[in-house]
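**Q**
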Amino acid sequence: MKTLKKIILPVIIIAFASCEDVVDVEVQEGPKRLVVEASLDWEKGTEGNIQTIRLRESTPFFNTDTDTGVIGASVVVTNNSSGDSYIFADQGNGEYLTTNFEPVLEQTYSLRIEYNGEVYTATETMTPVTDITRVFQDREDGFDDEVLEVHVVFTDPEEEGNNYLLKFQREGDLLPDLEEGEDEFVNGNEIDWWYEIEKDEDTHTEPFKPGDVVNIEMHGISRAYYDYIKILISQLGGVGLFESTPVAVKGNCINNTNPDNYAFGYFRLTQVVKTSYTFVEE
């Protein structure tokens, strides 16, 4: 123990002393890659015919340039069963739009992108979602019994293998919170999913209060997308001193022309239910 203390003490002194110096670190830049944001979400109660796919190029971590939209690409989605194809027209700003998409539950679709002489493809199935049956507020189930939380209640279908992506965004907040779920241990049961916001003085984040409105989305997602988004959500939580460094997570978009030049992002097709809740005085 004495020997260990003798080793640790000089290390601590050196660490604090080094904080006084400014160190310029040259960050290695990777190759630019195509980033595919192809989330075809079909809200229940709508036709789902208007869909947008976004393409851009990746940028270095410290680059503040946000004008990286890709133009001039060819983007087509095909229903593998019917053979119907839907052309996504270039809008000149990195967005590609179609107004005649026909979503069919449990049908498999293929995405094909041609860009810079290379062909990218991906395949995914339109995944259904159950209905939200009730939304209410409480203080009992969260990490802090003095903080308001919102509860989303739904019944998981009897079929095994249902996966969910829930998005919560309080009106006025810049970004939503994402949470993923599976039915491995709750298959066929009623599920009460709660969500709270904890106070964070560093980010000036405050818990829910009466009058706050939270918008809620629940998506039915494939198992492959569940595995993908679970990793991304874990990385969104930040990196601590002893946590693993986030790494690039490959999606399902494959470069058929040059496999080494793979794309980031994902091609997903989900059915989604949306609702909102306004917190009230108790």
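Take the sequence shown: its position 33, counting from 1, is numbered 62 in the working numbering, and each next residue is one higher.
Backbone N, C-alpha and C fix where the C-beta goes; we use that ideal spot for every residue, glycine too.
1) With DSSP as the reference, please indicate the residues paired to residue 247 in a beta bridge.
2) When the Cα atoms are used, what is the spatial distance from residue 229 to residue 236?
3) DSSP state of residue 253, grouped into three classes?
4) For the region 166–177 and the region 123–134, state whether three or more C-beta atom pairs, one from each stretch, are separated by less than 8 Å.
5) Within 8 Å, do at least three Cβ pairs link the region 180–187 to the region 215–224?
6) Using 8 Å as the Cβ pair cut-off and three pairs as the minimum, do the region 295–303 and the region 72–88 touch?
7) DSSP on residue 134, reduced to helix/strand/coil?
8) Taking DSSP as the reference, what is the three-state secondary structure of residue 103?
9) Please state whether DSSP places residue 116 in a helix, a strand or coil.
10) What does the alpha-carbon distance come out to for the pair residue 123 and residue 61?
11) Given this structure, state the Cα-to-Cα distance separating residue 309 from residue 240, to the nearest angstrom.
12) Pull up the DSSP beta-bridge partners for residue 182, would you.
13) DSSP beta-bridge partners for residue 211?
14) Under 7 Å, do residue 187 and residue 217 count as touching if we go by C-beta distance?
15) At the level of alpha carbons, what is the spacing between residue 242 and residue 197?
16) Would the beta-carbon of residue 157 fall within 7 Å of that of residue 134?
17) If you count every other CB in all the chains shown that lies within 10 Å of the CB of residue 145, and 16 or more means buried, which is it?
18) Are there 16 or more other CB atoms within 10 angstroms of the CB of residue 78, so buried, or fewer, so exposed?
19) If you drop the 5 nearest sequence neighbours on each side, which residues of the same chain put their C-beta closer than 8 Å to that of residue 99?
**A** Checking against the coordinates, here is how it stands:
1) Start at 1 with the first residue of the sequence shown, and residue 247 comes out as number 218. DSSP, once it has assigned bridges, lists 195 and 302 as partnering residue 247.
2) Position 200 of the sequence shown, counting from 1, holds the residue named residue 229. Position 207 of the sequence shown, counting from 1, holds the residue named residue 236. Taking the straight line from one Cα to the other gives about 9 Å.
3) Position 224 of the sequence shown holds residue 253. In this structure, residue 253 counts as helix in the three-state DSSP scheme.
4) With a cut-off of 8 Å, the region 123–134 and the region 166–177 do not count as touching, because too few Cβ pairs lie within range.
5) yes
6) Here the region 295–303 lies against the region 72–88, with 3 or more beta-carbon pairs under 8 Å apart.
7) For the purposes of this step, residue 134 is taken as residue 105 along the sequence shown, with counting starting at 1. Three-state result, residue 134: coil.
8) Counting from one through the sequence shown, the residue named residue 103 turns up at place 74. Of the three classes helix, strand and coil, the one that applies to residue 103 here is strand, per DSSP.
9) The count along the sequence shown starts at 1 and reaches residue 116 at position 87. Looking at residue 116 - three-state DSSP - the assignment turns out to be strand.
10) The residue you call residue 123 lines up with position 94 of the sequence shown. The residue you call residue 61 lines up with position 32 of the sequence shown. The straight-line gap from Cα to Cα measures roughly 15 Å.
11) Translated into positions along the sequence shown, residue 309 becomes position 280. Translated into positions along the sequence shown, residue 240 becomes position 211. Their Cα atoms are separated by approximately 6 Å.
12) By 1-based counting over the sequence shown, the position of residue 182 is 153. For residue 182, which the question treats as bridged, DSSP gives the partners 163 and 221.
13) Here residue 211 refers to the residue found at position 182 when the sequence shown is read from its first residue. Under DSSP, residue 211 shares a beta bridge with 192.
14) Position 158 of the sequence shown, counting from 1, holds the residue named residue 187. Position 188 of the sequence shown, counting from 1, holds the residue named residue 217. Taking 7 Å as the Cβ cut-off, residue 187 and residue 217 qualify as a contacting pair.
15) Your numbering for residue 242 matches position 213 in the sequence shown. Your numbering for residue 197 matches position 168 in the sequence shown. About 10 Å.
16) Counted from its first residue, the sequence shown places residue 157 at position 128. Counted from its first residue, the sequence shown places residue 134 at position 105. Yes, these two residues count as a Cβ contact at 7 Å.
17) Taking the sequence shown and counting its residues from 1, one reaches residue 145 at position 116. Under this definition residue 145 is an exposed residue.
18) Working through the sequence shown from its first residue, we reach residue 78 at position 49. Answer is exposed; the Cβ neighbour count stays below 16.
19) Taking the first residue of the sequence shown as 1, we reach residue 99 at position 70. The residues are 63, 84, 85, 86, 123 and 144.
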